[in-house]
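There are 2 protein chains.
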Amino acid sequence: MNVLDALEWRYATKKFDADKKLPVEKIDTLKSAFNLTATSFGLQPVRLLVIGNQKIKEELVQHSFNQQQVADASHLLVFAVETDIDEKYIQSYFDRVKDIRQTPDEVLKPFRDYLETSVKTMETGIKKEWIAKQAYIAMGNLLTVCAVEQIDACPMEGFVNAEYDRVLGLEAKGLTSVLAMPVGYRAQDDMFAGFKKVRKQVEESILEI
Amino acid sequence: MNVLDALEWRYATKKFDADKKLPVEKIDTLKSAFNLTATSFGLQPVRLLVIGNQKIKEELVQHSFNQQQVADASHLLVFAVETDIDEKYIQSYFDRVKDIRQTPDEVLKPFRDYLETSVKTMETGIKKEWIAKQAYIAMGNLLTVCAVEQIDACPMEGFVNAEYDRVLGLEAKGLTSVLAMPVGYRAQDDMFAGFKKVRKQVEESILEI
């Protein structure tokens, strides 16, 4: 199946087959693909929670406007982000660059100075939104990877973030939830699977210059 | 090439082969893939500008912190979003749903009422950020599609949005630029192509529950 057929095949799955679990190789693919997501400056401020625990998935339904797919999907993915990117976080990024690429400090210095000043002078609200946006890139990536791998998924912005954070103990980890995505296999009777995809005409979505 | 190999192959291409243009079939794939991106409620507030015009690409370099890939890439993609989602926009969405799915008004009414109230009561700043985030999903999708299609790309947040808007005449179209992405083929001497990818360990990026 080519990538366009895969994207046509996918849809926001509302009813999952609760008995069909994703094999561990599929979960591993999603984990590796997530970790390869491009992020601003490569800072990777996004963490992926892979929730297979049935009790926790069920507890989160009430904080997801009672959307049952959160419990019925094989796994619930939650995209959480760092609550802040501070000097220490930047330090750990450059440690990683040095470790992986053996780049000398003097080569990294201009970029490092620029990055440190940027995050220090960024207004808190703008910084939080900038960090949160990186989770959307990761979800955009994983939605396409799911399609290519024939994994069903339901991208979700709508849930009570504070309750997710509480149930998952994210605050203590310096994280906060941004997006959620149940993944697994569609139920054979999910009526949404048969609906025609609603999209603008390509000519309406694109401007060629 | 499987999807993980494709994601390993991709990198933020800094130097493109200015003589190698993307064939029209590849551009068509990107356009269709973009139009299939999932967006919040399916509202598709993101427009893709596909810029092949060399003069315009060159004019945008100065508004992109002089990053030459903007001019040298085969095409520059710009992800722009609606400056507002108002009642008229919501109306056109439901017209499309009715047109494609023949859903009766009375079935759509609860969702429609909910959506109209949501966008009417949403604080302007929050609404603008919510709309902008949809562009990040689209970029996340297209980055992966590019990788699968062996198209090189450079995702960019850093450019002067107001100048892009002016050069591209976006304000008159009710749009504003959010992200840019030169696409094409890497130059054989792009030193970044040989660099090891800097990523956290998967175990550090993922929390299993």
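Chains A and B supply the protein sequences, listed in that same order. With my numbering applied, the first sequence has no gaps in its numbers, which climb one by one up to 1333 at the end. With my numbering applied, the second sequence has no gaps in its numbers, which climb one by one up to 1333 at the end. Glycine included, C-beta positions come from ideal geometry on N, C-alpha and C.
For my contact list, residue i and residue j are in at a C-beta cut-off of 8 Å; report their separation, rounded to the angstrom.
| i | j | result |
| --- | --- | --- |
| residue 1285(A) | residue 1300(A) | 7 Å |
| residue 1156(A) | residue 1308(A) | Wrong, their Cβ atoms sit about 18 Å apart, outside the cutoff. |
| residue 1172(B) | residue 1330(A) | 5 Å |
| residue 1185(B) | residue 1178(B) | The pair is not a contact, with the Cβ atoms about 11 Å apart (cut-off 8 Å). |
| residue 1209(B) | residue 1255(B) | 6 Å |
| residue 1148(A) | residue 1175(A) | So it is not a contact: roughly 15 Å between Cβ atoms. |
| residue 1246(A) | residue 1279(A) | No, residue 1246(A) and residue 1279(A) are not in contact; Cβ-Cβ is about 27 Å, not under 8 Å. |
| residue 1162(B) | residue 1162(A) | Not a contact, Cβ separation roughly 18 Å. |
| residue 1275(B) | residue 1150(B) | 6 Å |
| residue 1257(A) | residue 1257(B) | 6 Å |
How long is the line joining the alpha carbons of residue i and residue j, rounded to whole angstroms?
| i | j | result |
| --- | --- | --- |
| residue 1170(B) | residue 1281(B) | 15 Å |
| residue 1125(A) | residue 1160(B) | 16 Å |
| residue 1248(A) | residue 1152(A) | 35 Å |
| residue 1242(B) | residue 1224(A) | 47 Å |
| residue 1213(B) | residue 1259(B) | 17 Å |
| residue 1217(B) | residue 1250(B) | 21 Å |
| residue 1183(B) | residue 1145(A) | 52 Å |
| residue 1131(B) | residue 1271(B) | 6 Å |
| residue 1231(A) | residue 1332(A) | 40 Å |
| residue 1288(A) | residue 1314(B) | 43 Å |
| residue 1375(B) | residue 1321(A) | The structure shown does not extend to residue 1375(B), since chain B spans only 1125 to 1333, so no value can be given for it. |
| residue 1323(B) | residue 1228(B) | 49 Å |
| residue 1316(A) | residue 1134(A) | 11 Å |
| residue 1204(A) | residue 1293(A) | 11 Å |
| residue 1264(A) | residue 1164(B) | 12 Å |
| residue 1318(A) | residue 1194(A) | 21 Å |
| residue 1200(A) | residue 1154(A) | 12 Å |
| residue 1253(A) | residue 1303(B) | 15 Å |
| residue 1328(B) | residue 1296(B) | 46 Å |
| residue 1273(A) | residue 1277(B) | 22 Å |
| residue 1291(A) | residue 1187(A) | 10 Å |
| residue 1221(A) | residue 1167(A) | 10 Å |
| residue 1206(A) | residue 1189(B) | 28 Å |
| residue 1215(B) | residue 1238(B) | 13 Å |
| residue 1143(B) | residue 1312(B) | 12 Å |
| residue 1235(B) | residue 1129(A) | 29 Å |
Tell me the DSSP secondary structure of residue i in three-state form.
| i | result |
| --- | --- |
| residue 1276(A) | strand |
| residue 1240(B) | helix |
| residue 1287(A) | helix |
| residue 1160(B) | coil |
| residue 1180(B) | helix |
| residue 1165(B) | helix |
| residue 1258(B) | helix |
| residue 1189(B) | coil |
| residue 1294(B) | coil |
| residue 1317(A) | helix |
| residue 1141(A) | coil |
| residue 1267(B) | helix |
| residue 1148(B) | helix |
Which residues mark the beginning and the end of the beta strand (DSSP E) in which residue i is found?
| i | result |
| --- | --- |
| residue 1214(A) | Careful: residue 1214(A) lies outside any beta strand (DSSP E), inside the alpha helix (DSSP H) at 1211 to 1225. |
| residue 1300(A) | 1299 to 1308 |
Name the two residues that bound the continuous alpha helix (DSSP H) containing residue i.
| i | result |
| --- | --- |
| residue 1127(B) | 1127 to 1133 |
| residue 1327(A) | 1326 to 1329 |
Which one or two residues does DSSP pair with residue i in a beta bridge?
| i | result |
| --- | --- |
| residue 1175(B) | 1200(B) |
| residue 1332(A) | 1174(B) |
| residue 1206(A) | 1299(A) |
| residue 1136(B) | 1277(B) |
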